[in-house]
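Just so you know, the protein sequences line up as chains A and B, in that order. Note that our numbering numbers the first sequence so that position 33 is 33, with each residue one more than the last. With the second sequence counted from 1, adding 217 to any position gets you our numbering. Ideal Cβ placement from N, Cα and C applies to all residues, glycine included.
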Amino acid sequence: MHIPDGYLSPATCAVTWAAALPLWAVALRKVRAKLDETTLPYIASLTALSFVIMMFNIPIPGGTSGHAVGAVLLAILFGPWVAFAAVSMALLVQALLFGDGGVTTFAANALGMAAAGSFVGYWVFGALRRWRFAPFAAGYAGMAASSVVIAFLLGLQPHIAVDAQGKPLYFPFDLATTMTALVGAHLLFFAPVEGLFTQLGYTFLRRIEPELTKESA
Amino acid sequence: MRGRRALYALLALLIMLVPLGLLSPDPAWGEWEESFYEKALGFVPEGIAKASGWHAPLPDYSVPGLGEVGGYYLSALLGVGVIAALFWLIGRGLKRGRG
């Protein structure tokens with residue numbers, strides 16, 4: 001789901017940066033309020049976990065692969081803004097050091113994988129919090145939301161950017177194709193993986209460190 | 218404290234297992250090589266062919282001189298190290314700001 005450079009039109013990149021910058025500004029303020037000696041090691045290790053989890057490419061039928069993100073566990077433990085900032089940091093390291101995801105498309109990737117996943121996951125967890133499997137549902141929904149945002153940005157391209165002969169200039173597959181392929185794969189495979197990671201992580205942390213999950217419980 | 222140690226242990230375990238992430242020979246949907254577009258469309262979209270921009274020092278989690286698995290290991294360690302260092306700096310800044 002990491003959109004490389006050259007896949008989105010300059011206009012799309014500009015809009016996503018314009019949307020992401022103020023969100024990052026708010027997120028940094030929220031992070032400053034949340035960070036202290038107790039929370040910092042947890043947020044740091046969950047950010048590192050998010051980075052590593054994204055390296056586990058899971059092959060699926062149809063000749064593609066994908067991965068979980070780990071944003072939703074951060075979101076239900078420390079709030080969506082902290083999760084958005086933390087996963088953005090992991091994505092930035094991936095883009096700058098490893099070329100996984102572009103630099104011009106960094107804002108788009110952050111809006112999809114970091115923001116949409118964190119906020120939707122957080123809201124779903126809030127709505128279902130009495131249910132045993134709320135963390136799974138939150139992880140599932142967050143990942144699904146991420147794939148919708150990324151698929152929308154990619155699939156939009158052939159509708160808005162073609163050359164004189166009608167050939168797409170950037171990502172070539174249309175909205176219907178991209179939505180079906182990308183969102184479908186996530187609903188079937190990667191969203192359940194994110195759900196499982198969220199459920200296991202949350203249940204485990206609540207058992208051994210009840211203080212940490214008090215706010216969200 | 219126990220939770221912290223458990224998370225560090227989980228992180229160490231995942232780093233050890235990270236070559237499993239290489240099992241898939243297939244790229245993510247949409248993240249294809251240019252040859253894929255050539256085959257599927259008969260051309261490579263101009264923006265993709267001409268994509269310039271950042272040249273990452275360790276593209277695709279590979280380290281020059283190391284094999285695929287070694288490079289993936291080192292990339293995982295390096296990425297986690299950079300994130301840990303950033304948080305260490307943030308923590309230090311925080312202490313200074315409050316002290």
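{"Check": "Rounded to whole angstroms, what is the Cα-Cα separation between V149 of chain A and F133 of chain A?", "Outcome": "25 Å"}
{"Check": "Could you tell me which chain B residues have their CB closer than 9 Å to the CB of M89 of chain A, listed as they occur along the chain?", "Outcome": "I300, L303 and F304"}
{"Check": "Quick one: what's got a C-beta closer than 6 Å to I232 of chain B's C-beta in the same chain, skipping five residues either side?", "Outcome": "A293"}
{"Check": "Could you pull the DSSP bridge partners for T64 of chain A from this structure?", "Outcome": "A:I60"}
{"Check": "Using a cut-off of 8 Å between C-beta atoms, extract the partners of D5 of chain A located in chain B.", "Outcome": "A268, S269, G270 and W271"}
{"Check": "Counting C-beta neighbours from all protein chains within 10 Å, is the total for E209 of chain A 16 or more, i.e. buried, or is it exposed?", "Outcome": "buried"}
{"Check": "Based on the DSSP secondary-structure assignment, which residues constitute the bridge partners of A245 of chain B?", "Outcome": "A:S65"}
{"Check": "Taking DSSP as the reference, what is the three-state secondary structure of P168 of chain A?", "Outcome": "strand"}
{"Check": "Please say whether G112 of chain A and E194 of chain A have beta carbons closer to each other than 8 Å?", "Outcome": "no"}
{"Check": "Should G290 of chain B be flagged as near chain A, meaning a C-beta pair shorter than 8 Å?", "Outcome": "The residue asked about is misnamed: residue 290 of chain B is Tyr in this sequence, not Gly. False, the Cβ-Cβ gap to chain A never drops below 8 Å."}
{"Check": "Say whether chain A places a C-beta atom closer than 8 Å to the C-beta of A223 of chain B.", "Outcome": "yes"}
{"Check": "According to a CB-to-CB cut-off of less than 8 Å, which residues of the region 157 to 172 of chain A neighbour chain B?", "Outcome": "A161, D163, K167, P168, L169, Y170, F171 and P172"}
{"Check": "Just tell me which of A:E211, A:D5, A:V26 and A:A116 has its CA closest to the CA of G270 of chain B.", "Outcome": "A:D5"}
{"Check": "Kindly provide the ranges of any alpha helix (DSSP H) runs that are 4 or more residues long and lie completely inside the region 147 to 194 of chain A, ordered along the chain.", "Outcome": "175 to 178"}
{"Check": "Whole-angstrom Cβ separation of A71 of chain A and G117 of chain A, contact assumed at under 8 Å?", "Outcome": "4 Å"}
{"Check": "Quick check on DSSP: helix, strand or coil for R129 of chain A?", "Outcome": "coil"}
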